[in-house]
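Presented below is the structure to which this report refers.
There are 2 protein chains.
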Amino acid sequence: MTRDHHPTGSRVTMQQVAAEAGVSVSTVSKVINGRYGVSSDTFDHVTEIVSRLGYEASLVARSLRNSRTNVLGVLVADFEPFSTEVLKGAADAIRGTGFELVAYSAGGRVDEHVGWERRYLSRVMGTLVDGAVLVTPTVTDVQYDGPIVAVDPHTGRSSLPTVTADNLQGARLGVDHLLGLGHRRIGMVTGRPDLVSARLRERGFREAHAAAGVPLDESLLRLGAFEQDQAGDAARELLALPDPPTAIFAANDLSAIAALEVAAELGISVPEQLSVVGFDNIPDSALSSPPLTTVQQPIRQMGHDAIAMLVQMIAGEELAETHVTLETTLVRRRSTAAPGGTP
Amino acid sequence: MTRDHHPTGSRVTMQQVAAEAGVSVSTVSKVINGRYGVSSDTFDHVTEIVSRLGYEASLVARSLRNSRTNVLGVLVADFEPFSTEVLKGAADAIRGTGFELVAYSAGGRVDEHVGWERRYLSRVMGTLVDGAVLVTPTVTDVQYDGPIVAVDPHTGRSSLPTVTADNLQGARLGVDHLLGLGHRRIGMVTGRPDLVSARLRERGFREAHAAAGVPLDESLLRLGAFEQDQAGDAARELLALPDPPTAIFAANDLSAIAALEVAAELGISVPEQLSVVGFDNIPDSALSSPPLTTVQQPIRQMGHDAIAMLVQMIAGEELAETHVTLETTLVRRRSTAAPGGTP
DNA sequence: GGTCGCGTGGAAAACGTTATCGACAACGAT
DNA sequence: ATCGTTGTCGATAACGTTTTCCACGCGACC
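Residue numbers (numbering that gives the first Met the number 0), protein chains in the order written: chain X, 0 to 342; chain U, 0 to 342.
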């Protein structure tokens with residue numbers, strides 16, 4: 000089956016194909032790229048030789064010649080659940096575009112080496128890819144003039160095109176759910192205040208209260224800092240209050256799960272005595288006990304759209320909107336119920 | 000935002016640096032690569048110009064000239080937990096080697112498009128990377144003469160260098176644990192029989208029994224096929240038996256978690272009435288209820304070693320061993336206890 | 001004062017492709 | 001016959017590097 004062709008010592012080059020077929024390299028090139036100007040006889044003949052020799056064009060040489068690599072890069076801070084989900088969406092969107100997709104990881108070293116992305120972008124991306132998607136929350140200020148789309152950039156607004164989830168609306172969704180269930184004292188474990196996403200979620204929390212005409216107790220807002228330990232502490236403080244909340248809205252699933260654990264530890268049953276809502280809908284949230292009710296971000300979709308935008312930009316088309324925000328949805332699982340105890 | 004970023008951002012070329020510095024391109028090249036034969040005066044002068052112009056060498060042109068890209072690729076079937084963990088290990092091992100790391104994903108389409116890897120390897124890998132790590136369980140028969148290392152190739156032995164976990168020893172570990180706890184009727188949910196890893200785990204299961212002198216009831220062996228649904232069904236059958244097992248050893252964590260769910264569904268409490276041991280130690284296994292006792296594979300280490308081997312191969316060194324197998328360890332959590340019920 | 005060596009710098013040929021453009025034949029129309 | 005036309009095909013110049021190799025100037029050494 001695997002017919003061993005010629006002494007394929009190294010790589011078969013166009014020259015060799017041309018020599019074998021008795022034509023010029025120009026002709027071979029035309030055949031390969033389906034250009035007009037070659038008779039069907041020679042076309043067939045050349046394709047025959049090409050497949051017999053197992054010839055594959057050197058993408059490097061081609062890139063050099065065309066100053067296009069036909070490769071799109073996704074730059075992630077680390078391969079955590081969020082980025083990998085984005086990657087899946089991106090991998091999905093890439094097919095049929097004629098581009099290849101590669102992923103680069105900072106290996107979680109982002110905090111240590113600030114400016115990592117800058118260096119990387121100019122070094123690698125600048126020459127090996129035609130465009131890039133950034134999934135590096137903290138850094139979006141890069142000096143690389145190629146097409147770039149940022150996904151979920153937590154830090155303040157950037158000049159780049161972006162794709163984000165609607166954090167404000169998502170928070171409204173989560174808190175409205177709690178409010179609708181009858182909760183009137185809702186605690187919130189907020190995220191790092193320097194991230195816009197966290198601020199938007201907090202704002203949604205406030206707006207939901209305002210819209211429902213429910214007064215807000217400021218002492219019920221705690222900083223969870225997107226870190227699981229601190230989130231646990233925040234939940235602990237909340238539950239130790241003389242008049243503890245009947246529900247907790249966490250800025251992200253990790254914090255929510257931490258809250259769940261603290262509740263279990265304190266012997267508080269969820270959802271009977273305490274309701275918990277998360278944000279993100281990471282895969283783990285379906286496996287917590289009880290399974291977490293949470294606000295889902297369309298992460299895959301975000302990766303998908305980012306690639307689609309990139310492709311458009313490269314094609315030279317104008318983007319309909321440079322800042323795309325995608326709707327979130329509420330995933331109801333078993334961590335929420337009415338304050339009484341009945342779900 | 001500057002409007003004039005051309006299709007591919009017009010980069011500074013070596014020519015321009017040379018012109019600006021009043022020297023020849025050869026000299027600039029020598030300076031860039033630190034070659035001998037340039038006076039320290041001109042060296043300083045050129046480096047000055049280089050940084051002023053923000054010049055970065057075109058990796059494409061460089062790759063074409065030296066037929067090396069200095070990029071290593073990791074080819075994954077999909078971005079699931081296992082592969083991403085391998086990727087982290089790889090990203091870790093890559094630093095300091097002078098290579099860059101890129102990841103390619105089949106986008107989970109491996110089953111549909113058999114032979115995907117073959118095409119991809121010859122097309123992309125053959126020309127864009129200097130070597131590749133394969134994390135594509137089912138296919139390892141590729142015709143790409145570059146350096147390749149396969150990680151955890153489930154399918155039969157391949158001629159490629161490989162890195163795998165010691166599945167046999169791992170299964171021994173898990174089953175010995177159960178046996179040591181006092182269990183005498185242990186069920187096993189096995190994996191797809193066409194995968195060597197699954198067969199080795201089953202063999203470890205048998206050997207552990209033999210070593211302990213505990214007779215083995217063949218009716219307690221069920222095919223779980225590495226699929227969560229089928230694993231659930233297998234567990235259900237096992238537990239519906241007139242004389243059900245007091246413990247289940249699952250061929251992987253996904254199956255084990257499925258078994259946990261089935262037990263919960265049937266009102267069987269874990270670990271009081273049933274002990275469950277998994278294999279892999281995926282992140283989710285720590286979050287199941289109860290947290291899963293499981294056999295941990297050093298997945299990161301596998302990625303790390305694969306890259307290290309690749310680098311060695313490219314350097315032309317001989318590999319100490321072409322088939323590396325790494326030790327597994329038992330992670331005791333709360334899904335196992337003595338048959339009576341006391342942990 | 002001629003060679004020899006040595007320290008510098010540059011010219012030019014690759015690497016494998018693609019696009020441009022001209023050569024050449026065959027052929028119908030004037 | 002001449003002239004354009006059409007249809008094939010091949011030379012050739014890039015693309016941006018790196019790497020020989022060669023030229024030049026200048027001390028040093030007999």
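Glycine residues also receive a C-beta, built at the ideal position from the N, C-alpha and C atoms. Note that the structure is a prediction, hence the values are computed from the model and not measured.
### Task
Just the C-alpha distance for Thr335 (chain X) and Thr163 (chain X), rounded to the nearest angstrom, thanks.
26 Å
### Query
When DSSP builds the beta bridges, which residues end up paired with Arg221 (chain U)?
U:Val188
### is_contact[Val59 (chain X), chain U] using C-beta, thresh 8 Å
yes
### Message
Helix, strand or coil for His153 (chain U)? Go by DSSP, reduced to three states.
### Response
coil
### Query
If you run the structure through DSSP and keep just helix, strand and coil, what is Gln296 (chain U)?
Of the three classes helix, strand and coil, the one that applies to Gln296 (chain U) here is coil, per DSSP.
### Query
Under a three-way DSSP split, which group does Phe98 (chain U) fall into?
Looking at Phe98 (chain U) - three-state DSSP - the assignment turns out to be coil, as it is neither helix nor strand.
### Message
By the 7 Å beta-carbon criterion, what residues does the segment 72-90 of chain U contribute toward chain X?
### Response
Phe78, Thr83, Leu86, Lys87 and Ala90
### Query
At which residues does the alpha helix (DSSP H) containing Leu105 (chain U) begin and terminate?
Correcting the residue type first, residue 105 (chain U) is Ala in the shown sequence and not Leu. Element bounds for Ala105 (chain U): n/a, residue is neither H nor E.
### Message
Taking its Cβ as the centre, do 16 or more other Cβ atoms sit within 10 Å of Ser39 (chain U), making it buried, or is it exposed?
### Response
exposed
### Task
Give a yes or no on contact between the segment 145-154 of chain X and the segment 277-294 of chain X, applying the rule of three or more CB pairs nearer than 8 Å.
no
### Query
Going along the segment 90-103 of chain X in order, which residues come within less than 9 Å of chain U, judged by CB to CB distance?
The residues in question are Ala90, Asp91, Ile93, Arg94, Glu99, Leu100, Val101, Ala102 and Tyr103.
### Query
Quick one: what's His322 (chain U) bridged to in DSSP?
U:Thr161
### Query
Does any residue of chain U bring its CB to less than 8 Å from the CB of Ser123 (chain X)?
Checking the sequence shown, residue 123 (chain X) turns out to be Val, not Ser. Answer yes: the Cβ-Cβ gap between Val123 (chain X) and chain U drops below 8 Å somewhere.
### Task
Return the Cβ separation of Asp91 (chain U) and Ile313 (chain U) in integer angstroms, given the expectation that the two are a contact with Cβ distance under 8 Å.
Not a contact, Cβ separation roughly 18 Å.
### Task
Consult DSSP for Gly277 (chain X) and reduce its assignment to one of helix, strand or coil.
strand
#### Entry: Beta-carbon proximity list for Asp3 (chain U), same chain, < 6 Å, skipping 5 on both sides
Since pLDDT at Asp3 (chain U) reaches only 36, below the 50 mark, its modelled position is unreliable, and the value read off the structure follows with that caveat. Counting only Cβ-Cβ distances below 6 Å, and skipping sequence neighbours, we find nothing.
### Query
Under 8 Å, do His176 (chain U) and Val276 (chain U) count as touching if we go by C-beta distance?
yes
#### Entry: Partners in chain U for Ser28 (chain X), counting only beta-carbon separations shorter than 7 Å
Near Ser28 (chain X) there are no residues of chain U at all, since even the closest Cβ is about 16 Å away, more than 7 Å.
### Task
Could you pull out every residue in the same chain whose Cβ sits closer than 8 Å to the Cβ of Leu178 (chain X), ignoring the five residues on either side in sequence?
Within the same chain, Cβ atoms closer than 8 Å to the Cβ of Leu178 (chain X) are found at Ile185, Ala207, His208, Ala211 and Val213, the five residues on either side in sequence being excluded.
### Task
Please go through the same chain and pick out, in chain order, the residues whose beta-carbon is closer than 6 Å to the beta-carbon of Asn166 (chain U), but skip the five residues on each side of it.
Counting only Cβ-Cβ distances below 6 Å, and skipping sequence neighbours, we find Ser196, Leu199 and Arg200.
#### Entry: Minimum Cβ-Cβ distance from Thr46 (chain U) to chain X less than 8 Å
no
### Query
For the 8 Å Cβ check, are there 3 or more pairs between the segment 35-50 of chain U and the segment 83-99 of chain U?
no
### Query
Is the shortest distance between the beta-carbon of Glu271 (chain U) and the beta-carbons of chain X less than 8 Å?
No, Glu271 (chain U) does not count as interfacial toward chain X.
### Message
Less than 8 Å between the beta carbons of Ser254 (chain X) and Ala230 (chain X), yes or no?
### Response
yes
#### Entry: Thr327 (chain U) - containing alpha helix (DSSP H), residue span
Premise fails: Thr327 (chain U) is in no alpha helix (DSSP H) and is neither H nor E.
### Task
Would you verify that the beta carbon of Leu286 (chain X) is, or is not, closer than 8 Å to some beta carbon of chain U?
Chain U places a beta carbon closer than 8 Å to that of Leu286 (chain X), counting this residue as a contact.
### Message
Cβ closer than 7 Å: which chain U residues qualify as neighbours of Thr12 (chain X)?
### Response
Ordered by position in chain U, no residue passes the 7 Å Cβ test against Thr12 (chain X), which lies about 11 Å from the chain.
### Message
By DSSP's criteria, Ala258 (chain X) is part of a beta bridge. Which residues make up the other side?
### Response
According to DSSP, which records beta bridges pairwise, Ala258 (chain X) is partnered with nothing at all.
### Query
beta strand (DSSP E) containing Ile267 (chain U): first to last residue?
Unbroken run through Ile267 (chain U): none, as it is neither H nor E.
### Task
Check whether the Cβ of Ser50 (chain U) lies closer than 8 Å to any Cβ atom in chain X.
no
### Message
Helix, strand or coil, according to DSSP, for Gly72 (chain X) in the structure here?
### Response
strand
### Task
Have a look at X:Arg10, X:Met124, X:Gly145 and X:Thr161 and flag the residue whose alpha-carbon is nearest the alpha-carbon of Tyr54 (chain X).
When only C-alpha atoms are compared, the closest one is X:Arg10.
### Message
Do Gly190 (chain U) and Gly169 (chain U) have their beta-carbon atoms positioned less than 8 Å apart in this structure?
### Response
no
### Task
Determine the DSSP secondary structure at Ala249 (chain U), reduced to helix, strand or coil.
strand
### Task
Can you tell me which of the three DSSP states Gly130 (chain X) falls into?
strand
### Query
Based on the DSSP output, what are the partners of Val148 (chain U) in its beta bridges?
U:Val132
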